[in-house]
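Participant: So that we are looking at the same thing, I have put the structure below in structure tokens.
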Amino acid sequence: MKLESKAPQGPLGEKWTKHKFNVKLVNPANKRKYDVIVVGTGLAGASAAASLGELGYNVKAFCFQDSPRRAHSIAAQGGINAAKNYQNDGDSVYRLFYDTIKGGDYRAREANVHRLAEVSVNIIDQCVAQGVPFAREYGGTLANRSFGGAQVSRTFYARGQTGQQLLLGAYSALNRQIANGKVKMYTRSEMLDVVLVDGKARGIVVRNLITGKIESHSAHAVLLCTGGYGNVFFLSTNAKGSNVTAAWRAHKKGAFFGNPCYTQIHPTCIPVTGDHQSKLTLMSESLRNDGRVWVPKVAKPGLRAKDAASIAEDDRDYFLERKYPSFGNLVPRDVASRNAKYMCDEGRGVGQTGRAVFLDFADAIKRDGRNVIEAKYGNLFDMYKQITGDNPYEMPMMIYPAVHYTMGGLWVDYNLMTTVPGLYALGEANFSDHGANRLGASALMQGLADGYFVIPYTVGDYLAGMKAGEKISTDLPEFKEAEKQVNERIARLLSIKGKKTVDHLHRDLGHIMWEYCGMSRTDAGLRKAKGLIQDLKKEFWSNVNVLGGSSELNQELEKAMRVADFIELGELMVDDALNRTESCGGHFREESSTPDGEAQRKDDEFMYVAAWQYTGEDQPEVLHKEELIYETVKPTQRSYK
Amino acid sequence: MKITLKIWRQKNNTSKGAFKVYQHEHVSEDMSFLEMLDVLNNELVVKGEEPVAFDHDCREGICGMCSLYINGRPHGPQQTTTCQLHMRTFKDGETIVVEPWRAKAFPVVKDLVVDRTAFDRIQQAGGYVSVNTGGVPDGNAIPIPKKVADEAMDAAQCIGCGACVAACKNASAMLFTSAKISQLALLPQGQAERKERAEKMVAQMDAEGFGACTNTGACEAECPKGISLTNIARMNREYFMATLTSYEVQAKGDGA
Ligand SMILES: Cc1cc2nc3c(=O)[nH]c(=O)nc-3n(C[C@H](O)[C@H](O)[C@H](O)COP(=O)(O)OP(=O)(O)OC[C@H]3O[C@@H](n4cnc5c(N)ncnc54)[C@H](O)[C@@H]3O)c2cc1C
Ligand code: SF4
Ligand code: FES
């Protein structure tokens with residue numbers, strides 16, 4: 001099967017405009033004859049469901065939390081990018097496009113990224129109109145900041161809670177459609193399968209998490225807006241419930257999985273304190289604007305933050321400043337993360353576990369005064385103190401990298417359709433716009449771009465090709481068969497009654513992924529990981545202990561189903577990482593590095609999207625390649641020296 | 001640390017619940033409260049006992065999904081969410097009582113999990129600005145003084161956790177409802193529907209069975225996001241003004 005990106009021909013800047021003109025339209029009076037299922041109500045899902053409801057489609061939306069307002073998007077702190085150029089500092093659609101392509105290490109599709117940059121400006125307008133209280137200047141105009149080392153100030157923010165405010169904006173639009181009867185909302189519902197009829201996605205099977213009832217829903221198209229899969233590592237900055245199940249089920253029904261190995265590791269997170277650790281907390285990237293990262297020159301095992309001051313200036317190694325004099329502490333996320341790991345691997349890490357480095361504000365406080373630092377980072381300092389018990393005004397923070405975002409996801413074409421007709425993927429769940437590495441403040445932008453401004457056009461194009469009102473019944477054998485499989489899977493999980501808890505096995509998976517498929521990957525390590533994951537899969541299906549029944553709220557069962565899918569995904573991530581013998585963005589293969597240890601891309605071999613096709617239980621997946629063609633930008637090797 | 005836990009166990013919405021006591025021997029002071037429960041749950045599963053159900057997701061104090069009434073206070077002894085509460089706040093050997101939110105409008109689903117969908121229905125009644133996607137003015141075409149934006153943001157920070165309801169002896173949802181009404185009443189974008197919104201949201205709040213406000217201030221004292229009582233005062237003003245000139249009242253007055 002040849003993968004067609006369906007990116008329109010013509011000059012880059014005109015592709016989206018032309019495409020919007022060329023798509024088929026559904027007549028306004030006919031829209032109510034079409035049903036659309038939206039799974040997920042994060043930024044991508046809530047914006048899509050609201051916008052489609054406004055257009056007149058009948059929407060059914062699903063989420064596993066008790067309210068759509070609680071989707072993982074709520075946790076985003078830093079901000080959202082948009083090429084408004086309100087600051088007159090040289091930003092433009094083209095510059096945002098260019099930065100995103102370059103930041104993604106030339107592994108994203110030009111046409112998609114340009115469209116993203118184009119609609120970014122509309123997103124801000126939309127959110128403002130909804131009443132999102134973005135930060136303002138004294139004159140009443142919108143405030144911006146520079147984020148993640150960008151050369152321009154294009155990031156819009158609402159204190160340290162940008163994701164919350166954007167999501168509550170989308171949630172309010174969604175609520176309006178729920179009140180209007182155009183969206184029917186199903187909370188505490190987990191999608192467990194997608195149903196294909198005549199090769200097209202025509203519905204889903206969900207479990208009502210309170211009653212345990214397995215139900216089917218049919219529609220003319222299905223949108224998966226189910227977020228990223230960082231929790232395959234067990235520990236990540238994602239919310240506890242974030243999972244790959246919806247995407248993975250779709251994958252098993254024929255949707256190709258794009259670039260699964262592309263994972264973003266965030267350098268500034270609060271380190272692990274012990275085996276009880278359940279998730280990792282991000283400390284905003286903005287801290288690196290004023291904090292200096294260091295470890296002692298000579299290993300000092302167990303060095304605590306409160307004793308950091310005892311290390312003389314000459315005995316400290318500000319390793320980012322030393323190795324990257326021009327970017328210093330502001331090098332991109334992957335570079336900062338990898339270098340922290342190297343320091344700890346050398347034994348120079350600090351804290352009880354030795355897996356941490358210092359992020360020190362002493363110089364900034366001396367230079368600007370405590371008040372200035374407090375005004376900038378007060379809430380982050382408080383949060384750090386709340387979690388660790390240490391006061392960062394008096395001693396350095398301890399930080400360590402953690403899994404944060406997954407650039408990989410379901411492969412989609414320019415219309416956001418997966419390889420299954422009628423099945424779409426939006427937001428972090430798709431692989432599309434960030435290439436091998438995402439820029440800070442660009443995930444929120446992508447989620448809302450997909451939901452507010454792309455899908456309303458592209459799904460219409462698909463629906464217009466279907467007969468209006470051609471509804472199908474959930475009594476069809478395709479639905480019954482899918483329900484049967486879901487029920488059998490649940491029964492099987494409950495019957496194992498083994499010795500290990502779901503968390504225990506998930507943690508084991510996380511250790512394997514982090515060790516061998518994390519910040520730095522090697523051929524030997526990945527091969528080892530593959531074997532370990534296959535063993536873990538066997539152990540899971542023979543030794544997991546899931547208590548309770550199927551017809552009740554059963555959180556262990558929910559977790560077990562997600563972990564079963566994570567294990568299978570883990571193996572595919574390893575396959576993808578093995579195949580890609582180059583280093584690019586968040587994917588670092590030790591074998592592919594420059595003499596001084598920096599990432600080395602191999603454009604002549606790997607300028608493609610790896611899209612994997614599921615072929616059957618325990619069968620090797622088949623690799624398909626979408627060649628990436630750079631018509632406008634000329635790829636160069638990143639350098640931050 | 002070692003602690004004794006007295007936890008409310010209730011099989012489902014229709015069954016009667018009861019406290020059950022657990023000795024927890026493996027508590028570290030670095031654990032969050034929810035991590036402490038995770039460890040307990042894993043030990044229970046290994047022993048073949050059903051784990052305790054509780055709501056949570058982000059574990060960063062922002063999604064509003066975690067709840068828990070700990071030693072008689074929503075989210076426990078500090079003004080944070082339960083997920084941000086750490087065990088170093090407690091003493092070795094302490095007994096900790098853990099209950100679900102108690103309110104008529106928040107029925108218990110199982111153990112410590114309650115149904116807070118009433119909050120969503122209050123928002124659906126009017127917690128929005130009626131604008132469709134597209135066709136909106138440029139973001140900077142609506143200048144908003146910094147002070148106003150900041151005040152709106154203070155109100156907008158509500159995470160919808162329900163601690164205010166749990167803290168209130170009348171189980172009133174005034175703080176929650178007033179936060180949204182305030183945010184949109186302060187901003188120019190919210191003006192067109194200002195009156196209608198206040199009326200509809202308050203009506204829904206009453207219909208859900210939340211109690212009246214008797215100004216004890218318990219909600220503000222327990223709110224993990226510092227939502228202020230001034231929002232309730234503003235909501236009362238908004239509501240009063242709205243009912244004076246209510247669409248319904250006007251319709252009747254016109255004889256239409
Ligand atoms: C701590 C943190 C900070 C961040 N900060 C920023 C930032 O400052 N700027 C930025 O641009 N990005 C940031 N990101 C990234 C960004 O928040 C996410 O990539 C983005 O919000 C994802 O949105 P989404 O709509 O795709 O998915 P999500 O918000 O994850 O929503 C997923 C939805 O799918 C539902 N769902 C999932 N599986 C199922 C299922 N099987 N059945 C039913 N429903 C299901 C969930 O209920 C939920 O509603 C941050 C991420 C983290 C973790
Ligand atoms: S007002 Fe405070 S306590 Fe009440 S729901 Fe909002 S954040 Fe929670
Ligand atoms: S789990 Fe999200 S606020 Fe506590």
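Protein chains in written order, with the UniProt record's numbering: chain P, 1 to 641; chain D, 1 to 256.
Heads up, the beta-carbon is just placed ideally off N, CA and C, and yes, glycines get one too.
Just so it is clear, the structure is predicted and the values come from calculations on it, not from any experiment.
Answer with buried or exposed for A29 of chain P, where buried requires no fewer than 16 other C-beta atoms within 10 angstroms of its C-beta.
Facilitator: Counting from one through the first sequence, the residue named residue 29 of chain P turns up at place 29. Burial state of A29 of chain P is exposed, judged by a 10 Å Cβ sphere holding fewer than 16 other Cβ atoms.
Participant: Please list the terminal residues of the continuous alpha helix (DSSP H) segment that includes Q126 of chain P.
Facilitator: For the purposes of this step, residue 126 of chain P is taken as the residue at position 126 of the first sequence. Taken as a continuous stretch (DSSP letters only), the alpha helix (DSSP H) holding Q126 of chain P covers 110–130.
Participant: Give the single residue among P:M1, P:L553, P:V546 whose Cα lies nearest to the Cα of N42 of chain D.
Facilitator: Taking the first residue of the second sequence as 1, we reach residue 42 of chain D at position 42. When each option's Cα is compared against that of N42 of chain D, the closest is P:V546.
Participant: Let me check understanding here. Comparing Cα to Cα, which of D:R194, D:P188, D:P145 lies closest to G127 of chain D?
Facilitator: Mapped onto the second sequence, residue 127 of chain D falls at position 127. Per the Cα distances, D:R194.
Participant: Would you list, in sequence order, the uninterrupted beta strand (DSSP E) runs of no fewer than 3 residues that lie entirely inside the region 144–199 of chain P?
Facilitator: 183–186, 189–197
Participant: How many angstroms separate the CA atom of W8 of chain D from the CA atom of P100 of chain D?
Facilitator: The residue you call residue 8 of chain D lines up with position 8 of the second sequence. The residue you call residue 100 of chain D lines up with position 100 of the second sequence. Near 7 Å, if we compare the C-alpha coordinates of P100 of chain D and W8 of chain D.
Participant: Work out the CA separation of F319 of chain P and C301 of chain P for me, nearest whole Å.
Facilitator: One-based indexing of the first sequence puts residue 301 of chain P at position 301. One-based indexing of the first sequence puts residue 319 of chain P at position 319. The sequence shown places Pro at residue 301 of chain P, not Cys. Roughly 18 Å between the two C-alpha positions.
Participant: Just by C-beta distance, which residues in the region 221–243 of chain P are closer than 7 Å to chain B?
Facilitator: Given the protein chain composition of this structure (P and D), no chain B is represented.
Participant: 9 Å is my cut-off, CB to CB: does A251 of chain D come that close to chain P?
Facilitator: In the second sequence, counting from the first residue as 1, residue 251 of chain D sits at position 251. Residue confidence for A251 of chain D is low, a pLDDT of 42 falling below 50, so the modelled location carries little weight and cannot support an answer.
Participant: Assuming M445 of chain P contacts L116 of chain P under a Cβ cut-off of 8 Å, what Cβ separation, rounded to an integer in Å, is found between them?
Facilitator: In the first sequence, residue 445 of chain P corresponds to position 445, counting from 1. In the first sequence, residue 116 of chain P corresponds to position 116, counting from 1. The Cβ separation is near 7 Å, so the contact holds.
Participant: Give the residues of chain D in contact with G389 of chain P, contact being defined as C-beta atoms less than 7 Å apart.
Facilitator: On the first sequence, residue 389 of chain P is found 389 positions in, with the first residue counted as 1. Under the 7 Å cutoff, chain D gives R88.
Participant: Following the continuous alpha helix (DSSP H) through Q555 of chain P, name the residue where it begins and the one where it ends.
Facilitator: Translated into positions along the first sequence, residue 555 of chain P becomes position 555. If you look at Q555 of chain P, you'll find it in the alpha helix (DSSP H) that goes 555–579.
Participant: Measure the alpha-carbon distance for D596 of chain P versus P456 of chain P and round it to whole angstroms.
Facilitator: In the first sequence, counting from the first residue as 1, residue 596 of chain P sits at position 596. In the first sequence, counting from the first residue as 1, residue 456 of chain P sits at position 456. Distance between the alpha carbons of D596 of chain P and P456 of chain P: 48 Å.
Participant: At a CB-CB cut-off below 8 Å, which residues of chain P make contact with N12 of chain D?
Facilitator: Here residue 12 of chain D corresponds to residue number 12 of the second sequence, with the count starting at 1. In chain order: E552, L553.
Participant: Mapping the DSSP letters down to three states, classify M87 of chain D as helix, strand or coil.
Facilitator: If you number the second sequence from 1, residue 87 of chain D lands on position 87. Three-state DSSP puts M87 of chain D in a helix.
Participant: So Y462 of chain P is in the beta strand (DSSP E); what residue range does that whole segment cover?
Facilitator: Residue 462 of chain P sits at position 462 when you count from the first residue of the first sequence. From DSSP, Y462 of chain P is part of no beta strand (DSSP E) but of the alpha helix (DSSP H) over 455–463.
Participant: Given this structure, state the Cα-to-Cα distance separating V136 of chain D from A250 of chain P, to the nearest angstrom.
Facilitator: Taking the second sequence and counting its residues from 1, one reaches residue 136 of chain D at position 136. Taking the first sequence and counting its residues from 1, one reaches residue 250 of chain P at position 250. Spanning the two alpha carbons is a distance of roughly 36 Å.
Participant: Any chance the region 145–157 of chain D sits against the region 123–141 of chain P, with 3 or more Cβ pairs inside 8 Å?
Facilitator: yes
Participant: What is the rounded straight-line gap between the Cα of L623 of chain P and the Cα of V335 of chain P?
Facilitator: The residue you call residue 623 of chain P lines up with position 623 of the first sequence. The residue you call residue 335 of chain P lines up with position 335 of the first sequence. Those two C-alpha atoms are separated by around 29 Å.
Participant: Ends of the alpha helix (DSSP H) at Y342 of chain P?
Facilitator: Here the question's residue 342 of chain P lines up with position 342 in the first sequence. 333–345 is the extent of the alpha helix (DSSP H) around Y342 of chain P.
Participant: Just curious, the beta strand (DSSP E) that E313 of chain P is in, first and last residue?
Facilitator: In the first sequence, counting from the first residue as 1, residue 313 of chain P sits at position 313. Per DSSP, E313 of chain P belongs to no beta strand (DSSP E) and is neither H nor E.
Participant: When DSSP labels each residue in this structure, what does Y57 of chain P get in the three-state scheme?
Facilitator: Residue mapping note: residue 57 of chain P aligns to position 57 of the first sequence, counting from 1. DSSP places Y57 of chain P in coil when its eight states are reduced to three.
Participant: Does the count of Cβ pairs from the region 302–322 of chain P and the region 384–403 of chain P closer than 8 Å reach three?
Facilitator: yes
Participant: Pop quiz: A179 of chain P and R202 of chain P are said to be a contact at Cβ under 8 Å. What is the actual Cβ separation, rounded to whole angstroms?
Facilitator: Within the first sequence, the letter at position 179 stands for residue 179 of chain P. Within the first sequence, the letter at position 202 stands for residue 202 of chain P. The pair is not a contact, with the Cβ atoms about 28 Å apart (cut-off 8 Å).
Participant: With a threshold of 9 Å between beta carbons, is Q84 of chain D in contact with chain P?
Facilitator: As a working mapping, residue 84 of chain D is identified with position 84 in the second sequence. Cβ-Cβ to chain P under 9 Å: yes for Q84 of chain D.
Participant: Near H404 of chain P, what residues of its chain come up, given a Cβ to Cβ distance below 6 Å and the 5 sequence neighbours on each side ignored?
Facilitator: For the purposes of this step, residue 404 of chain P is taken as the residue at position 404 of the first sequence. Taking H404 of chain P as the centre and dropping the five residues before and after it, the same chain places the C-beta of T237, Q264, H266 closer than 6 Å to its C-beta, in chain order.
Participant: Alpha carbons only, please: which of D:D92, D:Q79, D:T82, D:L34 is nearest the one belonging to residue 294 of chain D?
Facilitator: Shown here, chain D extends from 1 to 256; a query on residue 294 of chain D therefore has no answer.
Participant: What separation, rounded to the nearest whole angstrom, lies between the Cα atoms of K182 of chain P and G56 of chain P?
Facilitator: Within the first sequence, the letter at position 182 stands for residue 182 of chain P. Within the first sequence, the letter at position 56 stands for residue 56 of chain P. If I take the Cα positions, the gap works out to 7 Å.
Participant: Could you tell me if the beta carbon of M65 of chain D falls within a distance shorter than 8 Å of some heavy atom in ligand 3?
Facilitator: As a working note, residue 65 of chain D is residue 65 in the second sequence. Within the cutoff, so yes.
Participant: Rounded to the nearest angstrom, what separates A468 of chain P and Y400 of chain P at their Cα positions?
Facilitator: Locating residue 468 of chain P in the first sequence gives position 468, counting from the first residue. Locating residue 400 of chain P in the first sequence gives position 400, counting from the first residue. Answer to the nearest angstrom: the Cα atoms are 54 Å apart.
Participant: Over what stretch of residues does the beta strand (DSSP E) that includes L223 of chain P continue unbroken?
Facilitator: One-based indexing of the first sequence puts residue 223 of chain P at position 223. First-last of the beta strand (DSSP E) with L223 of chain P: 221–224.
Participant: From the DSSP output, which residues share a beta bridge with W294 of chain P?
Facilitator: Here residue 294 of chain P is taken as the residue at index 294 of the first sequence, counted from 1. For W294 of chain P, which the question treats as bridged, DSSP gives the partners P:F358.
Participant: Buried or exposed for A18 of chain D, going by 16 or more other Cβ atoms inside 10 Å?
Facilitator: Against the second sequence, residue 18 of chain D aligns to sequence position 18. The residue is exposed, with fewer than 16 neighbouring Cβ atoms inside 10 Å.
Participant: Using only the heavy atoms of ligand 2, determine whether one of them is closer than 8 Å to the beta carbon of K225 of chain D.
Facilitator: Numbered from 1 along the second sequence, position 225 holds the residue referred to as residue 225 of chain D. The answer is yes for K225 of chain D.
Participant: Just to confirm, does V165 of chain D get its C-beta within under 8 Å of one of the non-hydrogen atoms of ligand 2?
Facilitator: As a first step, residue 165 of chain D is located in the second sequence; it is residue number 165 there, counting from the start. Flag set: Cβ of V165 of chain D near ligand 2.
Participant: Which of the three DSSP states is assigned to R197 of chain D in this structure?
Facilitator: Position 197 of the second sequence, counting from 1, holds the residue named residue 197 of chain D. Looking at R197 of chain D - three-state DSSP - the assignment turns out to be helix.
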